[in-house]
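What follows is one structure encoded as structure tokens, with my remarks underneath.
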Amino acid sequence: MKRGKEPHKEPLAEGPAWKDAGLPLSTPSNEACKLFDATLTQYVKWTNDTALGGIEGCLAKLKAADPTFAMGHAIANGLVLIGTGSSVRLDRELALAVRNMVEMSKAQPLTPRERLHVRLDRQAPPSHSISSVLIGHRPCHVAPWLSVGL
Numbered sequence: 111m112k113r114g115k116e117p118h119k120e121p122l123a124e125g126p127a128w129k130d131a132g133l134p135l136s137t138p139s140n141e142a143c144k145l146f147d148a149t150l151t152q153y154v155k156w157t158n159d160t161a162l163g164g165i166e167g168c169l170a171k172l173k174a175a176d177p178t179f180a181m182g183h184a185i186a187n188g189l190v191l192i193g194t195g196s197s198v199r200l201d202r203e204l205a206l207a208v209r210n211m212v213e214m215s216k217a218q219p220l221t222p223r224e225r226l227h228v229r230l231d232r233q234a235p236p237s238h239s240i241s242s243v244l245i246g247h248r249p250c251h252v253a254p255w256l257s258v259g260l
């Protein structure tokens, strides 16, 4: 993963931008939406943008902005599954994180797309690619090529 040396220049998508793109996020926090975008942008670009705080920094701020944001938990757990090749059977900490995400999601009115992400994190074996699903769920006004044909 490369380190971003230049400051992040693209605007981060707030809640209304995600909704306008047909990808509403179930959180009242615009800050959580922007941090979700920052995390996803870094993953897609395969960079750790220091101007944004890096992926780990963004994930920490994302959880603080809305501790019950299902997609925040889904991307955090999904990145562990993608990046480590681990699974809930092998990693107790990951199993607990996924279990907590699933329980929190039951108490929220999530969109079908958000429920799919929660289900993928819960059920996907390490060999199953979650990245193609993550890439297809980014506002097209920020990265239009990501949503074409997905």
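At position 80 of the sequence shown (counting the first as 1) the number is 190 in the working numbering, and the numbers step up by one without a gap.
Note that beta-carbon positions come from the ideal geometry of N, C-alpha and C, so glycine has one too.
Here the alpha carbon of A148 sits roughly 17 angstroms from the alpha carbon of G193.
Here the alpha carbon of K173 sits roughly 12 angstroms from the alpha carbon of M211. For the options D159, L204, T178, the alpha carbon positioned closest to that of A217 is the one of T178. Between A180 and E141, the gap from beta carbon to beta carbon reaches 8 angstroms or more. Where T157 is concerned, the enclosing beta strand (DSSP E) starts and stops at 157 to 159.
Minimum Cα-Cα distance from S139 among the listed residues A131, G132, A127 corresponds to A127. Residue burial is scored here from C-beta neighbours: A186 has at least 16 other C-beta atoms within 10 angstroms and is therefore classed as buried. D176 sits in coil when the DSSP states are folded into three classes, being neither helix nor strand.
Judged by DSSP in its simplified three-state form, P126 adopts helix. Linking L135 to E224 through their CA atoms gives a straight-line distance of about 8 angstroms.
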